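> One structure, as structure tokens, below. Some questions next.
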Amino acid sequence: MIHLGLVINPTAGRGRGTQAGRRVHELLRARGHKVEDLSAVTLAQATDRARAAAVQGLDALVVVGGDGMVHLGVNVVAGTGLPLGVVAAGTGNDIARSLALPRGDVEASVAAVERGLLDGPRRVDAVRVGSPEHAAHEWYLGVLSCGFDAAINARANEMTWPKGAGRYVRALLAELGTFQPYGYRVTLDDVVWESAGTLVAVANTPWFGGGFQIAPDARVDDGLLDVVVAGPFTKPGIMKIFPGIPQGRHIGHPAVEVHRSRSVLIEPLADLGPVPPVAFGDGERIGPLPLRVTVDPGALSVLC
Numbered sequence: 001m002i003h004l005g006l007v008i009n010p011t012a013g014r015g016r017g018t019q020a021g022r023r024v025h026e027l028l029r030a031r032g033h034k035v036e037d038l039s040a041v042t043l044a045q046a047t048d049r050a051r052a053a054a055v056q057g058l059d060a061l062v063v064v065g066g067d068g069m070v071h072l073g074v075n076v077v078a079g080t081g082l083p084l085g086v087v088a089a090g091t092g093n094d095i096a097r098s099l100a101l102p103r104g105d106v107e108a109s110v111a112a113v114e115r116g117l118l119d120g121p122r123r124v125d126a127v128r129v130g131s132p133e134h135a136a137h138e139w140y141l142g143v144l145s146c147g148f149d150a151a152i153n154a155r156a157n158e159m160t161w162p163k164g165a166g167r168y169v170r171a172l173l174a175e176l177g178t179f180q181p182y183g184y185r186v187t188l189d190d191v192v193w194e195s196a197g198t199l200v201a202v203a204n205t206p207w208f209g210g211g212f213q214i215a216p217d218a219r220v221d222d223g224l225l226d227v228v229v230a231g232p233f234t235k236p237g238i239m240k241i242f243p244g245i246p247q248g249r250h251i252g253h254p255a256v257e258v259h260r261s262r263s264v265l266i267e268p269l270a271d272l273g274p275v276p277p278v279a280f281g282d283g284e285r286i287g288p289l290p291l292r293v294t295v296d297p298g299a300l301s302v303l304c
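Per full-length UniProt numbering, the sequence shown starts with residue 1, numbered consecutively.
Quick look at the structure:
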């Protein structure tokens, strides 16, 4: 009998998470699996419960929700060999999109978990991020935002309407009024970028923000990070380039550069502009700069 840990976010998909989680539990039990519900009132408590269960012995961890729940799962299983199953029931589901997993379809998602258990998991890269002064780190799977995109992310997280990319657009308009380009030093494997800038995104997958293709060529299993940096756009410049981001058309702009690197050090540079906002990974708060980011090839096993 396969022993599965299950973590459900009841607030995912504007409250649809509970219903989706209940159905996932039923389907997995009907297939003969032992299912242990590790959900909790807070994500921190659920993380603690999942880590304890993983140590005691699970065959896989399954999360039900959006990118935040995937982030929780990655921080439990990355580097351990314990596989992660994803039932995408959130509003953005950018990581599920990047992994070609079903979105908003519980039955298809459970079938994907079953296929992964039968055929073996897919190994993908995970990314470590933390202060350059300490060994402690957090994991993420999708995109780290360190600029205007992070400020938008923070504001969007406080909104309940609308869902998906629409909420990101609303947050952008709210943030635009006070925007000034930030000061950066970004140190990659073979180049240093110092500039006033609008955006710095360190991408392991192409999408973030509920369907914005920030790094169209990013691949989750190539052992490299796609680092997207944008120079000091004006407010009208942001409004002009923004509509093309869902299709990745911003990549052709002369002020936008994409570098590939195994590691990245991102530091604020006060001489060039205000301190950048707090960084977000997978839509979850990571912390202020400076941050060191390092890809760990094949560190995560995913049931897909």
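We treat Cβ as the ideally placed atom computed from N, Cα and C, and that holds for glycine. These numbers come from a predicted model, not from an experiment.
Give a yes or no on contact between the stretch 151–169 and the stretch 271–288, applying the rule of three or more CB pairs nearer than 8 Å.
At 8 Å Cβ cutoff, the stretches touch.
> Could you check whether the stretch 103–112 touches the stretch 218–226, counting it as contact only if at least three pairs of C-beta atoms, one from each stretch, sit closer than 8 Å?
They do not touch, by the three-pair rule.
> Can you tell me whether M69 is buried or exposed? The criterion is at least 16 other CB atoms within 10 Å of its CB, across all chains shown.
Residue mapping note: residue 69 aligns to position 69 of the sequence shown, counting from 1. Burial call: buried.
> If we ignore side chains and look at the alpha-carbon of each, how far apart do P254 and Q56 end up?
Reading the sequence shown from its first residue, position 254 is the one you call residue 254. Reading the sequence shown from its first residue, position 56 is the one you call residue 56. Distance between the alpha carbons of P254 and Q56 is about 53 Å.
> Per DSSP, which residues does P268 bridge with? Please list them.
To locate residue 268, count along the sequence shown from 1; it is residue 268. According to DSSP, which records beta bridges pairwise, P268 is partnered with Y184.
> Here's the rule: buried if 16 or more other CB atoms are within 10 angstroms of the residue's CB, otherwise exposed. What is T234?
By one-based count along the sequence shown, residue 234 stands at place 234. Result: exposed.
> To the nearest angstrom, how far is the alpha carbon of V87 from that of L272?
The residue given as residue 87 occupies position 87 in the sequence shown. The residue given as residue 272 occupies position 272 in the sequence shown. Answer to the nearest angstrom: the Cα atoms are 43 Å apart.
> Starting from the C-beta of R51, find all residues in its chain whose C-beta is less than 7 Å away, skip the five residues before and the five after it, and write them out in chain order.
Stepping through the sequence shown from its first residue, residue 51 is reached at position 51. Around R51: V76.
> May I have the straight-line CA-CA distance separating V63 from P162, to the nearest angstrom?
Your numbering for residue 63 matches position 63 in the sequence shown. Your numbering for residue 162 matches position 162 in the sequence shown. Their backbone Cα atoms lie some 24 Å apart in a straight line.
> From what residue to what residue does the alpha helix (DSSP H) around E114 run?
The sequence position of residue 114 within the sequence shown is 114, counting from 1. Residues V106 to D119.
> For W207, list the residues DSSP reports as bridge partners.
Here the question's residue 207 lines up with position 207 in the sequence shown. W207 is bridged to Q213.
> Name the residue from D94, E138 and G81 whose alpha carbon lies nearest to the alpha carbon of I214.
Residue 214 sits at position 214 when you count from the first residue of the sequence shown. When each option's Cα is compared against that of I214, the closest is D94.
> So, helix, strand or coil for H25, using DSSP?
Locating residue 25 in the sequence shown gives position 25, where the first residue counts as 1. H25 falls in the helix class under three-state DSSP.
> Suppose the cutoff is 8 Å on Cβ atoms and the five residues either side in sequence are ignored; what does the same chain contact list for L291 look like?
The sequence position of residue 291 within the sequence shown is 291, counting from 1. The answer, listed in chain order, is V129, G130, S131, P132, L144, C146, L265, I266 and A279.
> Whole angstroms are fine: how far does the CA of S263 sit from the CA of L188?
Position 188 of the sequence shown holds residue 188. Position 263 of the sequence shown holds residue 263. Looking at the two C-alpha atoms, the distance is approximately 6 Å.
> Which residues bound the alpha helix (DSSP H) around D67?
On the sequence shown, position 67 is the one that residue 67 refers to. Segment D67 to V77, the alpha helix (DSSP H) holding D67.
> Could you please give the first and the last residue of the uninterrupted alpha helix (DSSP H) stretch that includes R219?
Sequence index remark: in the sequence shown, residue 219 carries index 219 (1-based). Premise fails: R219 is in no alpha helix (DSSP H) and is neither H nor E.
> Suppose you measure from the CA of D59 to the CA of A89; what does that come to, to the nearest Å?
Here the question's residue 59 lines up with position 59 in the sequence shown. Here the question's residue 89 lines up with position 89 in the sequence shown. Near 22 Å, if we compare the C-alpha coordinates of A89 and D59.
> Would you kindly report the start and end of the unbroken beta strand (DSSP E) that includes L291?
Within the sequence shown, residue 291 is the residue found at index 291, counting from 1. Where L291 is concerned, the enclosing beta strand (DSSP E) stretches over L291 to V302.
> Check each candidate in L141, D125, D217 and I2 and name the one with the smallest Cα separation from G66.
If you number the sequence shown from 1, residue 66 lands on position 66. Checked all of L141, D125, D217 and I2; the closest Cα to G66 is L141.
> Just verifying my parser: in three-state terms, what is the DSSP assignment at G166?
The residue you call residue 166 lines up with position 166 of the sequence shown. Reduced to three states, the DSSP call for G166 is helix.
> Taking DSSP as the reference, what is the three-state secondary structure of residue 305?
Here the chain covers residues 1 to 304 and nothing more, so residue 305 does not appear.
> Are A151 and P277 touching if we call contact CB-CB under 7 Å?
Indexing the sequence shown from 1 puts residue 151 at position 151. Indexing the sequence shown from 1 puts residue 277 at position 277. Contact flag set, yes.
> By alpha-carbon positions, which one of R22, G32 and A203 ends up nearest to V106?
Here residue 106 is taken as the residue at index 106 of the sequence shown, counted from 1. Comparing Cα-Cα distances from V106 to each of R22, G32 and A203, the minimum goes to R22.
> Pull up the distance between the alpha-carbon of L269 and that of V200, whole angstroms please.
In the sequence shown, residue 269 corresponds to position 269, counting from 1. In the sequence shown, residue 200 corresponds to position 200, counting from 1. Whole-angstrom Cα-Cα distance: 13 Å.
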